[in-house]
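Working notes for the structure below.
Residue numbers (our numbering): 63 to 363.
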């Protein structure tokens with residue numbers, strides 16, 4: 063069945079050519095009923111072979127145009143079970159699972175999409191998503207290594223270092239990388255205690271898009287890790303100016319306010335963080351918010 067699917071385009075061309083030759087050239091347009099039967103047979107076989115893709119298509123519409131992930135999910139799930147091979151459909155399905163914290167199944171979906179993918183752009187995206195799955199499955203070092211491999215693909219020279227005066231070199235090294243890619247790579251470097259790389263890639267993201275809130279959040283977390291709360295606050299504040307609902311920055315501002323014994327401000331930031339819609343791609347977990355809430359309650363007593 064899979065072999066037929068892979069060759070269906072060429073089979074279709076041959077089928078159309080044969081029908082054209084028989085009914086248009088040889089029979090001069092007669093035997094129309096037989097012609098309709100054969101066309102219907104072709105459409106039916108195509109529908110059976112690619113049933114998964116057909117079932118998943120309404121989900122893609124609901125997801126892409128109406129932003130209804132909850133409504134799209136059953137279509138994606140059914141499409142995958144029916145053997146869908148569309149990398150676009152599978153990538154969308156995997157991303158929903160990843161956002162919902164199901165990194166294990168998301169990885170399976172992304173791997174299936176990668177195996178059947180023929181689009182170079184999607185190959186890079188799928189590999190990046192697989193790297194994020196590794197992070198969420200507790201392997202940040204593997205995730206960072208995979209992202210670096212993508213960055214230097216296919217055989218680019220490695221950066222000699224992470225000199226902040228050489229940001230242009232980092233940007234030009236891989237022009238397909240988006241600001242989100244650089245921020246993700248910077249955050250993974252932070253998780254691996256590669257602080258120079260984390261700072262460098264976050265600054266490269268800002269060079270690519272100066273108003274990118276997540277990059278300022280990255281820098282805030284880097285300074286926070288280094289114990290420089292003033293610079294951390296400056297960057298978190300900038301991130302929140304650009305994106306007031308950025309949960310990660312709200313969380314860290316609450317942590318800093320608590321460390322400064324400003325309980326009302328800590329409560330304010332925490333309340334704002336808790337009011338945001340949560341997804342598993344946040345750098346802050348729901349458990350982090352719960353632990354912080356307990357700490358603030360203890361200090362408030």
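Beta carbons: idealized from backbone N, C-alpha and C, even for Gly.
Predicted model only: the values in this text are computed from it and were never measured.
- Beta-carbon to beta-carbon, residue 246 and residue 209 are separated by about 7 angstroms, close enough to satisfy the 8 angstroms threshold.
- Residue state for residue 238 is assigned as coil, using DSSP reduced to three classes.
- When secondary structure is reduced to three states using DSSP, residue 342 falls in the coil class, being assigned neither helix nor strand.
- Collapsing the DSSP output to three states places residue 214 in coil.
- If one requires a minimum length of 4 residues, the alpha helix (DSSP H) runs lying completely within the segment 282 to 332 are 291 to 304, 309 to 321, in chain order.
- Between residue 239 and the set 214, 251, 219, the nearest pair of CA atoms involves 214.
- Around the beta carbon of residue 294, 16 or more other beta carbons sit within 10 angstroms, so the residue counts as buried.
- Sequence-distant Cβ neighbours of residue 176 in its own chain, meaning closer than 6 angstroms and more than five residues away, are 188.
- In this structure, the CA atom of residue 135 is about 7 angstroms from the CA atom of residue 121.
- Put simply, the backbone Cα of residue 211 is about 14 angstroms away from that of residue 248.
- The segment 303 to 312 makes contact with the segment 329 to 337, as at least three CB pairs between them are under 8 angstroms.
- Scanning its chain for C-beta atoms nearer than 8 angstroms, with the 5 sequence neighbours on each side dropped, one finds around residue 202 the residues 196, 250, 253, 254, in chain order.
- Residue 117 and residue 127 have their C-alpha atoms roughly 17 angstroms apart.
- In this chain, the alpha helix (DSSP H) harbouring residue 173 covers 165 to 178.
- Judged by their CB atoms, residue 159 and residue 153 are not nearer to each other than the 7 angstroms cut-off.
- When the Cα atoms are used, residue 288 and residue 166 turn out to be separated by approximately 32 angstroms.
- Counting along the chain, the unbroken alpha helix (DSSP H) around residue 196 starts and ends at 182 to 198.
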